[in-house]
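J.:
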Amino acid sequence: LLSAFLLEHNERYGFSHYWVAYPLTFISQERLIYVPRLPYHADLRYTPRYDRYPAYTCQVLRAPRVAYVTNGPPALDERLTQGFRAAGIEWREALVGSFRVYYALSRPIMPWELGLSPKPEVDCAP
C-alpha cells in the first residue's frame, strides 16, 4: 500500500497529481501531506486550480524533505528523472503497486524548478 510505504520511509510530504495527492492525504488522516503540483495529462499541461488547499501547500513548502508520486504519464517520469539529474540530485525509486515513488532525495526540489508547474502564489507566513 502506498501510504504504508511512504510512512515507513518517512516521506510525509511531497508532490503528486490531483487524483493521487488529496486521496493520499485523506486516507492517511493527514499523516501524509501531498499536494497536486504535478500534471496528469499526457502533454504535461498543468493548471494551478488543481492545488486547492493552501494550508497543505505551505506544509509541503516548509518540509525538510519531499517525495514525488506518479502513476503516469511516462513523459512525467522522464521529466522528473532528467530534472533530478540536471540538478545533481540523488534519489531512490520504487514501484508500489501502480505508483512510482521518487524518494530519499538528496535535497528538496520543487516542481516549478523542474518546469512542471508554476510556483504557487500562496502566503505561507505564520
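Heads up: the sequence shown begins at -7 in the working numbering, then just goes up one per residue. Every residue, glycine too, gets a C-beta built ideally from N, C-alpha and C.
Return the CA-CA distance between P66 and A86, expressed in angstroms with no decimal places.
T.: So the two alpha carbons sit approximately 15 Å from each other.
J.: Comparing alpha-carbon positions, which option in P15, Y10, R29 lies nearest R23?
T.: Taking only the C-alpha atoms, the option nearest R23 is P15.
J.: From V27 to A13, what distance separates their C-alpha atoms?
T.: Those two C-alpha atoms are separated by around 5 Å.
J.: For P100 versus R29, is the C-beta spacing smaller than 7 Å?
T.: Not in contact: P100 and R29 (Cβ atoms no closer than 7 Å).
J.: At which residues does the beta strand (DSSP E) containing T62 begin and terminate?
T.: Per DSSP, T62 belongs to the beta strand (DSSP E) from 59 to 62.
J.: What is the DSSP secondary structure of Y5, counted as helix, strand or coil?
T.: Of the three classes helix, strand and coil, the one that applies to Y5 here is strand, per DSSP.
J.: From A(-4) to E113, what distance separates their C-alpha atoms?
T.: Cα-Cα distance, rounded: 31 Å.
J.: Tell me, please, which residues DSSP counts as bridged to P28.
T.: Note: P28 sits in a beta bridge opposite S8.
J.: Can you tell me which of C116, P118, D115, L108 puts its alpha carbon nearest to the alpha carbon of R33?
T.: The question names Arg, but residue 33 in the sequence shown is His. Taking only the C-alpha atoms, the option nearest H33 is L108.
J.: Taking the DSSP output, what are the residues bridged to Y94?
T.: According to DSSP, Y94 bridges with Y60, E85.
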